[in-house]
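Engineer:
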Amino acid sequence: MEISSKYSPQATEEKWYRHWIDKKYFHSTPDEREPYTIVIPPPNVTGVLHMGHMLNNTIQDVLIRRARMQGKNACWVPGTDHASIATEAKVVNKLAQQGIKKTDISREEFLKHAWDWTHEHGGIILKQLRRLGASCDWDRTAFTMDEIRSKSVVHVFCDLYNKGLIYRGVRMVNWDPVALTALSDEEVIYKEEHSKLYYLKYMIEGEDGYAVVATTRPETIMGDTAMCINPNDPKNQYLKGKKVIVPLVGRVIPVIEDDYVDVEFGTGCLKVTPAHDVNDYMLGDKHNLESINIFNDDATVSEAAGLYVGMDRMAVRKQIVKDLDAAGLLEKVEDYNNKVGYSERTNVPIEPKLSMQWFLKMEHLAKIALAPVESGDIRFYPPKYVNLYRHWLENIKDWCISRQLWWGHQIPAYYLPEGGFVVAENIEEALRLAKEKTGVDFSAEQLRQDPDCLDTWFSSWLWPLSLFDGIMNPDNEEFKYYYPTNDLITAPDIIFFWVARMIMAGEEYQHKVPFNNVYFTGIVRDKRGRKMSKSLGNSPDPIELIDKFGADGVRMGMLLTAPAGNDLPFDESLCEQGRNFCNKIWNALRLVKGWTVDDNLSQPETAMIASRWFEARYNKILAETNDNLDRYRLSDALMGIYKLIWDDFCSWYLEMVKAPAGCSVDRVTYNETVTFFENLMKILHPFMPFITEEVWHLLQERTDGDDIIISQQPTQKTVDAKMLDMFGFAQDVINNIRKIRAEKNISFRQAVDLLVVDKDCNVSRDFDFVIMKLCNVEHVIYADEKPHDAFGFIVGAVEFFIPIADAVDVEAELKKLEEELNYTKGFLKSVEAKLSNERFVNGAPTAVVDKERKKKADAEAKIKVIEEQMAALK
RNA sequence: GGAAGCUUAGCUCAGUUGGUUCAGAGCGCCUGCCUUACAAGCAGGAGGUCACUGGUUCGACCCCAGUAGUUUCCACCA
6 MEISSKYSPQ ATEEKWYRHW IDKKYFHSTP DEREPYTIVI PPPNVTGVLH
56 MGHMLNNTIQ DVLIRRARMQ GKNACWVPGT DHASIATEAK VVNKLAQQGI
106 KKTDISREEF LKHAWDWTHE HGGIILKQLR RLGASCDWDR TAFTMDEIRS
156 KSVVHVFCDL YNKGLIYRGV RMVNWDPVAL TALSDEEVIY KEEHSKLYYL
206 KYMIEGEDGY AVVATTRPET IMGDTAMCIN PNDPKNQYLK GKKVIVPLVG
256 RVIPVIEDDY VDVEFGTGCL KVTPAHDVND YMLGDKHNLE SINIFNDDAT
306 VSEAAGLYVG MDRMAVRKQI VKDLDAAGLL EKVEDYNNKV GYSERTNVPI
356 EPKLSMQWFL KMEHLAKIAL APVESGDIRF YPPKYVNLYR HWLENIKDWC
406 ISRQLWWGHQ IPAYYLPEGG FVVAENIEEA LRLAKEKTGV DFSAEQLRQD
456 PDCLDTWFSS WLWPLSLFDG IMNPDNEEFK YYYPTNDLIT APDIIFFWVA
506 RMIMAGEEYQ HKVPFNNVYF TGIVRDKRGR KMSKSLGNSP DPIELIDKFG
556 ADGVRMGMLL TAPAGNDLPF DESLCEQGRN FCNKIWNALR LVKGWTVDDN
606 LSQPETAMIA SRWFEARYNK ILAETNDNLD RYRLSDALMG IYKLIWDDFC
656 SWYLEMVKAP AGCSVDRVTY NETVTFFENL MKILHPFMPF ITEEVWHLLQ
706 ERTDGDDIII SQQPTQKTVD AKMLDMFGFA QDVINNIRKI RAEKNISFRQ
756 AVDLLVVDKD CNVSRDFDFV IMKLCNVEHV IYADEKPHDA FGFIVGAVEF
806 FIPIADAVDV EAELKKLEEE LNYTKGFLKS VEAKLSNERF VNGAPTAVVD
856 KERKKKADAE AKIKVIEEQM AALK
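Printed below as a string of structure tokens:
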């Protein structure tokens, strides 16, 4: 059979993915098997695949494929998230390009545009995941705004409202002046900035003097309604009871006292702007101050300010500084580093704003979410995130869940014509409640639904429940079968946004955890350690990578350096390594497929030994692999398999069993080799699904449905440790011979003899044929005497020589032996020191002491051999 | 300001209750090879005071304390 010397992934990958889909291998329905469930962290519906998704979904696919091959009913549910702010922003932009302003069209018209956009761009990312080989149950693809999920969200809102956990009120919230919506605390990112600290003069009313206030935001003085000092501040006692004049504005404001003010900062005088700062708001509340909102929603100056009306806040800052300076009211300006909150989505500075919003009380939910993580019902990998999680929950504030957006789940609150509101899952129910509340019959038109929609995460947090319709229909068979899910694979930056809240929802609605294990991936960075981002342009296109290296190659590249929770410095060369590995496997296949089998041949001794050894080696690595996977150590598991295939199978086993050029191989060896190969492909399959399926089918004719993806993982057998030990000795011998060949420039083609001086008959002769084959040794001769012209080496306490007619450099040989002698003597000394130490012999466990005694005996034997050899050379 | 993590070979990282010759792996690097599966390969090789200082112990990469560097999270005083 002609097989190309290079593995070509493109055709293979497409072929097998289609085959798996046709066979419905990804599809799961409840049955008597143990379920294994993963729900995908839903990507933004209009997003495109980036390296973070690649990592995350590769890991999920490894776990799901392994579970499938363990005989579990594996179900990986895919879906997308409507991503309220992000998607709405995209639609607004698109409309703007067409000259349409959001404010000029109705909610219904806008939503139609949004749905069009969603249908046009939605799901691209899910198609891209297919290229990666993701074995999601596509029949179950869900969307956070589809019917079941939407109903679930509305139901949960009403339920929590009825439980008294959701309330509406005026609070200081984080306002995004570009997206024109409130945000939750989690959506604000603080960035360090080099800014200025401005010292402004506030004239004291009725006096000549003035007080100086230090501020980073001079543009907010139009909203000042007080100056605050610390009552215990000696340097500002003179201001007590006074009134001061806001510069430029001319408004007279009182000096209030509060020990909130830091005496050390600036001048100890604080301007109080209750409408535009969280702490000032608190002060204003406490001291009954007036609150003047000087900004419009888009952060331009409002009429209420009286000055600079209509200008943007940043422009005002520049202008007002000039004006203050011109008026002699600016004392000085200092450089200052502070942190400014930015909107996670639109990347503009947040404006604290007083507004009417909906909130979810968190005290109760935080409490029920902490318990399962503390108790270990949910395990975090790596566990360091437990601390982070606990700290957040213990300091949590109420969750602002309303957004002034249209793309999302509209808040199911209905306002009555004469004030007041009812919360209901639908309009009929709302009408009923309205009548119950007021005694009046209203028509649907008379009720006005709250125009705001809910935070995207208010739907995401129900994901593991709502995917199986567990909110609306909690008794259904599917939900009972698949929930709780097993593993959640996600990035640590959404531990609060998503992970914590899913646990809350799971506990609140099922009194059950939504998943048992959470695997936190690292963040994919570039070679220089920078986070991959669109703006930096340092993120490779995953699809191009797959085109270049194959999906299996890229998967391996992602996994090789990705222990849980560690950042991943991504480098294309990792994918190259993955591609090379595919090629290695491919060539091993070419070798085996090139063999002709002769049924009349009996199995050579070398092959017999090789087979026994590889069986042992394989079982050892299989045990390690299973252990690694059980502990979510995917990189280590993959590396173990990589070395098992490349080093043990290809470099050792195949070299041992392959017949000389032109000769046939016996039936037993052939069959054993194919079986080994198959088993290797099975344990590799979860990591590299395509090439393993291809090789599986090329190794043997398969009946319909005999596919590796649904095969069972090999069972683990006991490891023949003695065999591994003995073979290790033979490997030592072989490596020594190769080293001598390399050092002495003896070509492999030139056959040599091997002389063994083994007085105590320590060494098993079973491996002689192996040594002969792998080192091109013509004769293995057991002798009592050392030859004269020979290069020697020692393994254990056995001497080996390669006689060479050419002169042996006695000096060099002696030097080599001398070094080995010194090393062994030094080693012996340290062992003897330990053994002569009474406290060691009495204190250490007997097993440890026995080991030391054995080390001593071995070293002594070796020293004796070396000394004899040196004497002979002299 | 508070908290947590990290520091082992040129790079990325293992090292699971202190005890095998325990100082490791992969990649990279160097040397020699187109040996009839594979140059995307084969064989061999070199590289490290385990951040630093002190302590506990018969014995420390491992446990404790401190120092330095670094990363992340939380909070935020204008």
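So for the first sequence, our numbering puts the first residue at 6; every next one is plus one. Where is the CB? At the ideal position from N, CA and C, for every residue including glycine. Treat the numbers as computed from the prediction; the structure is a model and nothing was measured.
Spatial neighbours of Ile325 within its chain, please: CB distance less than 6 Å, with the 5 preceding and 5 following residues excluded, ordered by chain position.
Structural biologist: Closer than 6 Å at the Cβ level, and outside the excluded window around Ile325, lie Pro223, Glu224.
Engineer: If you draw a straight line from the alpha carbon of Leu573 to that of Asn179, how long is it in whole angstroms?
Structural biologist: 33 Å
Engineer: Let me confirm a value: Ile8 is counted as buried when at least 16 other C-beta atoms fall within 10 Å, else exposed. Which label applies?
Structural biologist: exposed
Engineer: Using DSSP bridges, identify the partner residues of Met361.
Structural biologist: Val175
Engineer: Looking at Leu878 and Val815, is the spacing between their C-beta atoms short of 8 Å?
Structural biologist: Remark: C-beta atoms of Val815 and Leu878 approach each other more closely than 8 Å.
Engineer: Which residue's Cα is closest to the Cα of Leu729: Tyr623, Leu116, Tyr420?
Structural biologist: Tyr623
Engineer: Decide if Gln242 is buried, meaning its Cβ has at least 16 other Cβ atoms within 10 Å, or exposed.
Structural biologist: exposed
Engineer: Between the stretch 81-97 and the stretch 138-151, can you find at least three pairs of beta-carbon atoms closer than 8 Å?
Structural biologist: yes
Engineer: Kindly indicate which three-state DSSP category Ile84 falls into: helix, strand or coil?
Structural biologist: Checking the displayed sequence, the identity of residue 84 turns out to be Gly instead of Ile. Reduced to three states, the DSSP call for Gly84 is strand.
Engineer: Would you mind working out which of Arg322, Trp397, Ile868, Cys163 sits nearest Ile432, comparing C-alpha positions?
Structural biologist: Comparing C-alpha distances from Ile432 to each of Arg322, Trp397, Ile868, Cys163 shows the shortest one belongs to Cys163.
Engineer: I'd like to confirm the pairing. Which residues does DSSP put opposite Glu356 in its beta bridges?
Structural biologist: Trp180
Engineer: How should Ser752 be labelled, buried or exposed, when 16 other C-beta atoms within 10 angstroms of its C-beta is the threshold for buried?
Structural biologist: Answer is exposed; the Cβ neighbour count stays below 16.
Engineer: On the criterion of 16 or more Cβ atoms from any shown chain inside 10 Å, does His87 qualify as buried, or is it exposed?
Structural biologist: Per the 10 Å Cβ criterion, buried.
Engineer: If distances are taken between C-alpha atoms only, which option among Pro48, Gln65, Asn167 comes closest to Thr123?
Structural biologist: Pro48
Engineer: Is the separation between the beta-carbon of Thr566 and that of Ser640 shorter than 8 Å?
Structural biologist: Against a cut-off of 8 Å, the Cβ pair of Ser640 and Thr566 comes out as a contact.
Engineer: In the structure shown, what three-state DSSP assignment does Thr42 receive?
Structural biologist: strand
Engineer: Spatial neighbours of Val738 within its chain, please: C-beta separation below 7 Å, excluding the five flanking residues on both sides.
Structural biologist: Excluding positions up to five away in sequence, the list reads Ile776, Val800, Phe805.
Engineer: Spatial neighbours of Met6 within its chain, please: CB distance less than 7 Å, with the 5 preceding and 5 following residues excluded, ordered by chain position.
Structural biologist: With a pLDDT of only 48 at Met6, under 50, the local geometry of the prediction cannot be trusted, and the value read off the model is given with reservation. Only Lys598 meet the Cβ criterion.
Engineer: Report the residue ranges of all beta strand (DSSP E) runs contained in full by the stretch 268-329; include only those spanning at least 3 residues, in chain order.
Structural biologist: 274-277
Engineer: When we look at the beta-carbon of Asp238 and count the other beta-carbons within 10 Å, is it buried (16 or more) or exposed?
Structural biologist: buried
Engineer: Threshold first: 4 residues or longer. Then list the alpha helix (DSSP H) segments lying entirely within the stretch 548-611, N to C.
Structural biologist: Along the stretch 548-611, the alpha helix (DSSP H) occurs as fully enclosed runs of 4 or more residues at 556-565, 577-598, listed in sequence order.
Engineer: For Thr186, name the three-state secondary structure that DSSP assigns.
Structural biologist: strand
Engineer: Whole angstroms is fine: what's the gap from Phe31's alpha carbon to Leu467's?
Structural biologist: Pairing Phe31 with Leu467, the inter-Cα distance amounts to about 24 Å.
Engineer: State the Cα-Cα distance for the pair Val679 and Arg672, rounded to the nearest angstrom.
Structural biologist: 11 Å
Engineer: Enumerate in chain order the residues of its own chain whose CB-to-CB distance from Val870 is below 7 Å, with the five nearest sequence positions on each side excluded.
Structural biologist: Sequence-distant Cβ neighbours of Val870 in its own chain, meaning closer than 7 Å and more than five residues away, are Ile799, Ala802, Glu804.
Engineer: What residues match up with Arg530 in a beta bridge as DSSP calls it?
Structural biologist: Lys536, Pro574
Engineer: Have a look at Ile45 and Glu620 and give me their C-alpha separation to the nearest angstrom.
Structural biologist: Taking the straight line from one Cα to the other gives about 38 Å.
Engineer: Unbroken beta strand (DSSP E) runs of length 3 or more, entirely within the stretch 760-838: which are they?
Structural biologist: 782-787, 795-800, 803-808
Engineer: Note down the Cα distance separating Gln705 from Glu683, rounded to an integer number of angstroms.
Structural biologist: One alpha carbon belongs to Gln705, the other to Glu683, and they sit about 10 Å apart.
Engineer: Measuring alpha carbon to alpha carbon, tell me which residue in Glu356, Thr697, Glu262, Gly645 is nearest Asn293.
Structural biologist: Glu262
Engineer: Helix or strand or just coil, what does DSSP make of Glu423?
Structural biologist: Correct three-state label for Glu423: coil.
Engineer: Taking only three categories from DSSP, how would you classify Met6?
Structural biologist: In this predicted model, Met6 has a pLDDT of only 48, less than 50, meaning its place in the structure is not dependable enough to derive any value.
Engineer: By Cβ distance, which residues of its chain are closer than 7 Å to Phe1, with the 5 residues on each side in sequence left out?
Structural biologist: In this structure the chain extends from 6 to 879, so residue 1 is not present and cannot be described.
Engineer: Tell me whether Arg506 sits in a helix, a strand or coil according to DSSP, three-state version.
Structural biologist: helix
Engineer: Count the other C-beta atoms from every protein chain shown that fall within 10 angstroms of the C-beta of Gly583, then say buried if there are 16 or more, exposed otherwise.
Structural biologist: buried
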